[in-house]
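The structure appears below as structure tokens.
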Amino acid sequence: MSLVGYQRFSVIGRVVGSGSFGVVFQAKVREKGQTVAIKKVFQDDRFENREVEILCLLDHENCMPLKHAFNFLEGEEYLFYNLELEFFSENIHRVIAHYANYRQTLPLIYVKLYMFQTLRGLAYLHSMGICHRDIKPPNLLIDPASQHLKIGDFGSAKLLTNDKPSISYICSRYYRAPELLIGATDYTCSIDMWSAGVILGELLIGTPFFKGENGTEQLVEIIKVLGTPTKDQVFAMNDYYVNFQFPKIDPNDWGNVFHEKYSPIVSLEAVDLISQLLVYFPYQRMKPFEALGHPFFDEIKFGTNLPNGKLFPNLFNFQKKEFDYGKRWIRKILPNSKIIVLCYEHICSWEPNFPVC
Ligand code: ADP
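This is the structure we're talking about:
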């Protein structure tokens, strides 16, 4: 990472997004004419900011890479830092809204492509112990030409360790795992898997899956689907939680849930996958690699083309590190022909444990 200033850019363009920590605008790199995004973040000394630190660790097909970071003196202070990122013009939130405008839901093939890539990004992050902590549709960026998806906004991401608590007031409300809503501070990366499950629901019905006006209502919306959590489930989510004043509601049947929320594209596989992601017990939620092997994704494992005839983005270029980590599930994730190609590319150093090679 080199430190450069705004001189690096020939054009500083329009604002393409703003978030809790700053603004994002489009720019053109002077030398190569490449379009990039610059995220300008206020340097607030009251909060620990790990964004650059975490971005520097990342190198994955489905995580937005940092190209450069720079800051400069404004008066006598460094008020902002700037992150130069690859420019991806769309995000899942806007794609869902686009279809909703026409009273439609996304074609199922896109739901599969977006979820697969999100899970691959999460599998990579979680394998390094990094929890994103703000998985939501606007942070899943898309290049519309290739349908390539990258997880963005690592402003809330954290390397979770067992020995230190983490704040529970994290993640956007609709996507917050129930343990966060009841104040857990010793949560795990499985909070991202809850968010992924909620996003799958949103992709299927075209509107946020659990839509509470505040934290309490958010929990009530979850209870309406999963039923009142048992004491064991509450303890597993937050063993310091003592207030058990939840409304008494029986779990709803998943088929019924989708009937009530209405989705023309829901399939048995989709219901099975979501029912294994939206689970109270955090340790019972599917892990990202396990989810990648779910039959919901079979169509994209064997197909190769988008509805417009273009090729799928690269879905199976697993790095050796990813491969080693996800070895247990790899047979379910990849067709044999692709496993053999990857074994060849990675020179198969894990051959003894891997019968296919
Ligand atoms: P914050 O941390 O302040 O929430 P984000 O990183 O989420 O900021 O960025 C805010 C918005 O800017 C995003 O929702 C997205 O619409 C847009 N954005 C972020 N990164 C990019 C990018 N690399 N390319 C294009 N747009 C982006």
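Counting from 653, one number per residue, gives the positions in the sequence shown under our numbering.
Virtual Cβ for every residue (Gly too), placed ideally from N, Cα, C.
Which same chain residues, not among the five before or five after Gly835, have their C-beta less than 7 Å away from its C-beta? In the sequence shown, counting from the first residue as 1, residue 835 sits at position 183. For Gly835, the CB contacts under 7 Å within the same chain, skipping 5 residues up- and downstream, are Ser820, Asn890 and Tyr893 in chain order.
Rank Ile901, Ala922 and Phe898 by C-alpha distance to the C-alpha of Gly907 and give the top, closest one. Position 255 of the sequence shown holds residue 907. Ranking Ile901, Ala922 and Phe898 by Cα distance to Gly907 puts Ala922 first.
Please state if the CB of Glu705 and the CB of His720 are separated by a distance shorter than 7 Å. As a position in the sequence shown, residue 720 is number 68, starting the count at 1. As a position in the sequence shown, residue 705 is number 53, starting the count at 1. It is not a contact, given that the beta carbons lie outside the stated cut-off.
Does the ligand ADP have even one heavy atom less than 6 Å from the beta-carbon of Asp1020? This structure gives no information on residue 1020, because the portion of the chain shown stretches from 653 to 1009.
Cα-Cα separation between Pro860 and Tyr827, rounded to whole angstroms: The count along the sequence shown starts at 1 and reaches residue 860 at position 208. The count along the sequence shown starts at 1 and reaches residue 827 at position 175. Between Pro860 and Tyr827, the C-alpha separation is close to 9 Å.
For Pro1007 and Asn988, what's the separation of their Cα atoms in angstroms? Counting from 1 along the sequence shown, the entry for residue 1007 is found at position 355. Counting from 1 along the sequence shown, the entry for residue 988 is found at position 336. Interpretation of Pro1007 is limited by its pLDDT of 43, a score under 50 that renders its predicted location unreliable; the figure taken from the coordinates is listed afterwards. For Pro1007 and Asn988, the distance between alpha carbons rounds to 11 Å.
Under 7 Å between the Cβ atoms of Ile926 and Gly849? Here residue 926 refers to the residue found at position 274 when the sequence shown is read from its first residue. Here residue 849 refers to the residue found at position 197 when the sequence shown is read from its first residue. For Ile926 and Gly849, yes; Cβs fall inside 7 Å.
Helix, strand or coil, according to DSSP, for Ala809 in the structure here? Position 157 of the sequence shown, counting from 1, holds the residue named residue 809. Collapsing the DSSP output to three states places Ala809 in coil.
Helix, strand or coil for His800? Go by DSSP, reduced to three states. Translated into the one-based positions of the sequence shown, residue 800 becomes position 148. Strand at His800.
Does the distance from the C-beta atom of Pro903 to that of Gly879 stay below 7 Å? In the sequence shown, the residue the question calls residue 903 occupies position 251. In the sequence shown, the residue the question calls residue 879 occupies position 227. Their beta carbons are under 7 Å apart, which means Pro903 touches Gly879 by this criterion.
Determine, using beta carbons only, whether Glu703 and Phe806 come nearer to each other than 7 Å. One-based indexing of the sequence shown puts residue 703 at position 51. One-based indexing of the sequence shown puts residue 806 at position 154. In this structure, Phe806 lies closer than 7 Å to Glu703 by Cβ.
Quick one, are the C-beta atoms of Ala752 and Gly853 less than 7 Å apart? For this step, residue 752 is matched to residue 100 along the sequence shown. For this step, residue 853 is matched to residue 201 along the sequence shown. In this structure, Gly853 does not lie closer than 7 Å to Ala752 by Cβ.
Contact with chain C by Leu792, beta-carbon distance below 7 Å: Of the protein chains in this structure there is only one, and it is not chain C.
If you measure from the CB of Ala689, is any heavy atom of the ligand ADP nearer than 6 Å? Looking up residue 689 in the sequence shown gives position 37. Ala689: yes, Cβ under 6 Å from the ligand ADP.
Using a 10 Å radius around the Cβ and a threshold of 16 neighbouring Cβ atoms, would you call Thr882 buried or exposed? Walking along the sequence shown from the start, residue 882 turns up at place 230. With fewer than 16 Cβ atoms within 10 Å of its Cβ, Thr882 is classed as exposed.
Where DSSP assigns a beta bridge to Asn743, which residues make up the other side? Residue 743 sits at position 91 when you count from the first residue of the sequence shown. Paired residues: Leu793.
Where does Phe941 fall in DSSP's three states? In the sequence shown, the residue the question calls residue 941 occupies position 289. Residue state, collapsed to three classes: helix.
What residue range does the alpha helix (DSSP H) around Ile690 cover? Along the sequence shown, read from residue 1 onward, the residue named residue 690 stands at position 38. If you look at Ile690, you'll find it isn't in any alpha helix (DSSP H); it sits in the beta strand (DSSP E) that goes Thr687 to Phe694.
Is it right to say Ala809 is buried, meaning 16 or more other beta carbons lie within 10 angstroms of its own, or is it exposed? Counting from 1 along the sequence shown, the entry for residue 809 is found at position 157. Answer is buried; the Cβ neighbour count reaches 16.
Quick check on Phe941: buried or exposed, where buried means 16 or more other Cβ atoms within 10 Å of its Cβ? Your numbering for residue 941 matches position 289 in the sequence shown. It is buried - the Cβ of Phe941 has at least 16 other Cβ atoms within 10 Å.
Run through the DSSP bridge pairs and tell me what Cys783 is partnered with. Locating residue 783 in the sequence shown gives position 131, where the first residue counts as 1. Looking at the DSSP assignment, Cys783 forms a beta bridge with Lys810.
Is Phe732 near the ligand ADP, in the sense that its beta carbon is under 6 Å from a heavy atom of that ligand? For this step, residue 732 is matched to residue 80 along the sequence shown. For the ligand ADP, not one heavy atom lies less than 6 Å from the Cβ of Phe732.
In the segment 902-983, which residue ranges form an unbroken alpha helix (DSSP H) of at least 4 residues, counting only runs that do not cross its ends? 906-913, 920-929, 940-944, 950-954 and 972-977
Any non-hydrogen atom of the ligand ADP within 6 Å of Ser672 CB: Residue numbering aside, residue 672 sits at position 20 when the sequence shown is read from its first letter. Yes, the beta carbon of Ser672 sits closer than 6 Å to at least one heavy atom of the ligand ADP.
Secondary structure of Pro1004, DSSP reduced to three states: Counting from 1 along the sequence shown, the entry for residue 1004 is found at position 352. Reliability fails at Pro1004, whose pLDDT of 37 lies under 50, so the model's placement of it is uncertain and the value that follows must be treated cautiously. Pro1004 falls in the helix class under three-state DSSP.
Can Leu737 be considered in contact with the ligand ADP, in the sense that its beta carbon sits closer than 6 Å to one or more heavy atoms? Along the sequence shown, one-based indexing puts residue 737 at 85. True, at least one ligand heavy atom lies under 6 Å from that Cβ.
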